[in-house]
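Participant:
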Amino acid sequence: MRVLGIDPGLRNMGWGIIEADGARLRHVGNGVCHSKGDDLAARLVSLHEALAHIVAEYAPDAAAVEQTFVNKDGAGTLKLGQARGIAVLVPAQAGLKVGEYAPNAVKKAVVGNGHADKRQILHMVQLQLPGADVAGPDAADALAIAICHAHHLQSAGHLARAVARAG
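Mind the numbering: the sequence shown is residues 2 to 168 in the numbering used here, read in order.
#1: Decide if T69 is buried, meaning its Cβ has at least 16 other Cβ atoms within 10 Å, or exposed.
#2: According to DSSP, is N31 helix, strand or coil?
#3: Can you check whether the CB of I146 is closer than 8 angstroms to the CB of D40?
#4: Taking the continuous alpha helix (DSSP H) assigned at R44, which residues delimit it?
#5: In chain order, which continuous runs of the alpha helix (DSSP H) of length 4 or greater are located wholly inside the stretch 61-127?
#6: Could you pull the DSSP bridge partners for R3 from this structure?
#7: Alpha carbon to alpha carbon, what distance is there between A42 and A65?
#8: Can you give the Cα-Cα distance for Y59 and G30, rounded to whole angstroms?
#9: If I measure Cβ to Cβ from M14 and keep anything under 6 angstroms in the same chain, skipping five residues before and after, which residues do I get?
#10: Would a check of beta-carbon distances place V46 closer than 8 angstroms to chain D?
#11: Is K109 closer than 8 angstroms to G115 when the C-beta atoms are compared?
#12: When burial is assigned at 16 or more other CB atoms within 10 Å of the CB, is G6 buried or exposed?
#13: Can you give me the C-alpha to C-alpha distance between L26 and A88, rounded to a whole angstrom?
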């Protein structure tokens, strides 16, 4: 199964794609979509176009997006929420179910600590995806989101099989 992870951002939207075969994970690609334009609408359009190109090129089977947390700057939070809307919309337009995870849940799944810093996330992503040339912290976060979703899907599959056997 090919999983797309997306770390939403208005200026820099990280993306990462992995393949999950049971417990085995393999790096497929990663990068950062940089928004273009001076106004919000132009930035959102450029993010939509870039992410749609990635979905078309890599044809993922599932997608996951990091949930937005509210910070002190209300206007900034609203703008980030609009970028997150693009991150959810593009895979949904491609017919994918989109998982959503809190930042602490992603960190706990990948690092084992819900309060891990960016350096720890990058280190654990590189350990779990040997040979991956990670395009920066936003791409590392996106790969971590993809890894978290792959683990979640694997657990859900085990549960469904157990329920089917019990029934």
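Every residue gets a Cβ at the ideal spot worked out from N, C-alpha and C, and that includes glycine.
Facilitator: The answer reads as follows:
#1: As a working note, residue 69 is residue 68 in the sequence shown. Burial call: buried.
#2: Working through the sequence shown from its first residue, we reach residue 31 at position 30. Under the three-state reduction of DSSP, N31 is assigned to strand.
#3: Here the question's residue 40 lines up with position 39 in the sequence shown. Here the question's residue 146 lines up with position 145 in the sequence shown. No, the pair does not count as a contact, with Cβ atoms beyond the cut-off.
#4: As a first step, residue 44 must be located in the sequence shown, where it is residue number 43. Its alpha helix (DSSP H) spans residues 41-59.
#5: If only complete runs of 4 or more residues are kept, the stretch 61-127 shows the alpha helix (DSSP H) at 75-94, 104-111, in order along the chain.
#6: If you number the sequence shown from 1, residue 3 lands on position 2. DSSP, once it has assigned bridges, lists E20 as partnering R3.
#7: As a first step, residue 65 is located in the sequence shown; it is residue number 64 there, counting from the start. As a first step, residue 42 is located in the sequence shown; it is residue number 41 there, counting from the start. Those two C-alpha atoms are separated by around 24 angstroms.
#8: For the purposes of this step, residue 59 is taken as residue 58 along the sequence shown, with counting starting at 1. For the purposes of this step, residue 30 is taken as residue 29 along the sequence shown, with counting starting at 1. Distance between the alpha carbons of Y59 and G30 is about 9 angstroms.
#9: As a first step, residue 14 is located in the sequence shown; it is residue number 13 there, counting from the start. Residues of the same chain with a CB within less than 6 angstroms of the CB of M14, apart from the 5 flanking positions on each side, are C34, L48 in chain order.
#10: Checking the listed chains, one finds no chain D in this structure; it contains a single protein chain.
#11: Within the sequence shown, the letter at position 114 stands for residue 115. Within the sequence shown, the letter at position 108 stands for residue 109. Taking 8 angstroms as the Cβ cut-off, G115 and K109 qualify as a contacting pair.
#12: Start at 1 with the first residue of the sequence shown, and residue 6 comes out as number 5. With 16 or more other Cβ atoms within 10 Å, it is buried.
#13: The count along the sequence shown starts at 1 and reaches residue 26 at position 25. The count along the sequence shown starts at 1 and reaches residue 88 at position 87. Approximately 23 angstroms between the Cα atoms of the pair.
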